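Per UniProt numbering, numbering of the sequence shown is gapless, rising by one per residue and ending at 364. The beta-carbon is built from N, C-alpha and C at its ideal position, and this holds for glycine as well. Bear in mind that the values here come from a model prediction, so they are computed numbers and not experimental data.
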Amino acid sequence: MRNLASAAIGLIVSYVVLNFFGIVVLGLRFVAMNRTGRASKSHDWLCAVSLVFLIAYSIDTIIGTVFGDIGIHITEVPFNRLAIALKTFFVSQFFWAISISTFRLSILFLYTQLFKAADYFRYSAYMMITIVCLFFVGSITTTLRMCKPVQFSWDKKIVGGTCGDIGTAELAAAAFNLVLDVLIVLLPLPVVWRLRLPREKKISITITFAFGLIISGINLVRILKVLDCNIADFTFCTRDSAILTVGEMAVGIIAACVPLLGPVIFPRRYADSHPKKYNMLGNESTGRKITGSGEAYTYSHQPGNIHLGADEIELTASCALEPGRSAPAYSEVIANKGTKGPSSVSNVIDVNTKIEIVRGLSDD
1 MRNLASAAIG LIVSYVVLNF FGIVVLGLRF VAMNRTGRAS KSHDWLCAVS
51 LVFLIAYSID TIIGTVFGDI GIHITEVPFN RLAIALKTFF VSQFFWAISI
101 STFRLSILFL YTQLFKAADY FRYSAYMMIT IVCLFFVGSI TTTLRMCKPV
151 QFSWDKKIVG GTCGDIGTAE LAAAAFNLVL DVLIVLLPLP VVWRLRLPRE
201 KKISITITFA FGLIISGINL VRILKVLDCN IADFTFCTRD SAILTVGEMA
251 VGIIAACVPL LGPVIFPRRY ADSHPKKYNM LGNESTGRKI TGSGEAYTYS
301 HQPGNIHLGA DEIELTASCA LEPGRSAPAY SEVIANKGTK GPSSVSNVID
351 VNTKIEIVRG LSDD
């Protein structure tokens, strides 16, 4: 009983801390959204869904620990309590699959909001979204087909029941997750480093996105744990794996929220309603957005933080600018769409695709 109490306390304390940070950071995400007047998007609610299933996973495995003796050696577990441990483990796999898939989709849909113009990036993002969805389907299918009949997953009294290698399945899932999380972190970096911004700002943006690499580190530890632990001692091995899994989900939710916390962490820098704007070439402008042919994407940046502003109008027309002339209003562009500029204009700039970096100004 002493071993069980120690295992339960360690697991519950870990869960409380990780869930607390997940709840607080998601709450700050919605506070930031309210401060900027931004409407909620699909990536916001996907992150909320991920948190709901993180909490569900935590409650489920706490039940398995308290009533199913998860955390102590299987040779010390009565058969009736082992059934509880196995049943809660089976259910937890669905909660885990939903939680990690939704926070990844949240990150990827945020990417598609931030970077709209580059076709290669958009196609890459949607390809990653497809992979995440396929992984979710594969995880659910694997859970349902691991044992035949499926009831044998928790009821070992069924005659003739068989199960596949759970350890190999967990190892494969952790390895795939590690690679997938690295790819998601790397996806926007080529776009970021093409921008004509000071190097320190590029580094701060990169660090913001790279927060997700912590998830890969957690999965690497999970792989080492699976290799080190005898899966036959199921109840003993599951405790550490469950804590790492909750860590994976909580950190994933935090990573999905960090880019949007600028208005909360640096409120003064977002107080100015007239942000500076930088284009791909690095020149600075203020006021109305320049429009051009193709689509625009806006990357709203604070040093170390990213703020997704209000919806921008996608570029659908073309215009020509004289040196020193400010960008025309959107209505002017539409009115002149398809017309040629004056022949006397020298050094005409044909605005094709514009990348804007929006940085709120602080008073200092």
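So residue i and residue j are supposed to be a Cβ contact under 8 Å. How far apart are they, rounded?
i	j	result
L28	C257	7 Å
I253	L51	6 Å
L261	A8	Their Cβ separation, rounded to whole angstroms, is 33 Å, which puts L261 and A8 out of contact at 8 Å.
L183	F109	About 16 Å; that fails the 8 Å criterion.
I107	F236	Wrong, their Cβ atoms sit about 34 Å apart, outside the cutoff.
Return yes when the Cβ of residue j is within less than 8 Å of the Cβ of residue i, no when it is not.
i	j	result
V191	G212	no
residue 365	T61	Here the chain has residues from 1 to 364 only, and residue 365 is not among them.
V226	G167	yes
I70	R239	yes
D181	S216	yes
L105	I129	yes
C163	M146	yes
According to DSSP, what are the bridge partners of residue i?
i	result
C147	C163
Specify the secondary structure class of residue i as computed by DSSP and reduced to three states.
i	result
R196	coil
V77	coil
D155	coil
P188	coil
residue 392	Past the edges of the chain, shown from 1 to 364, lies residue 392, and the structure says nothing about it.
N34	helix
K87	helix
L11	helix
I231	coil
S40	coil
L261	coil
S202	According to the sequence displayed, residue 202 carries Lys and not Ser. Of the three classes helix, strand and coil, the one that applies to K202 here is helix, per DSSP.
G217	helix
K225	helix
G27	helix
I72	coil
F211	coil
D364	Residue confidence for D364 is low, a pLDDT of 40 falling below 50, so the modelled location carries little weight and cannot support an answer.
F115	coil
Excluding five sequence neighbours on each side, which residues of the same chain lie with their C-beta closer than 7 Å to the C-beta of residue i?
i	result
I140	F94, A97
A175	I223
Y111	A125, L187, P188
A56	F95
T206	L189, V192
G22	L51, L54, A250, I253, I254
S99	S50, F53, L54, Y57, M249
V91	D60
R194	none
L86	S153, W154
I158	P149, Q151, F152
Which same chain residues, not among the five before or five after residue i, have their C-beta less than 6 Å away from its C-beta?
i	result
T143	Q93
T36	P263
E170	V226
A242	T61
G161	F152
A329	Because A329 sits at a pLDDT of 42, beneath the cut-off of 50, its placement in the model cannot be relied upon, and the following sentence gives the value as read from the coordinates. Here the set comprises nothing.
Y15	S58, V246
Using a Cβ-Cβ cutoff of less than 8 Å, which residues in the same chain neighbour residue i once the five nearest sequence positions on both sides are dropped?
i	result
F209	V185, P188, L189, V192, P259
I63	I84, T88
V221	L244
I12	I62, T65
N19	L54, I55, S58, V246, A250
V25	I253, I254, C257, V258, L261
L178	S216, N219, L220, I223
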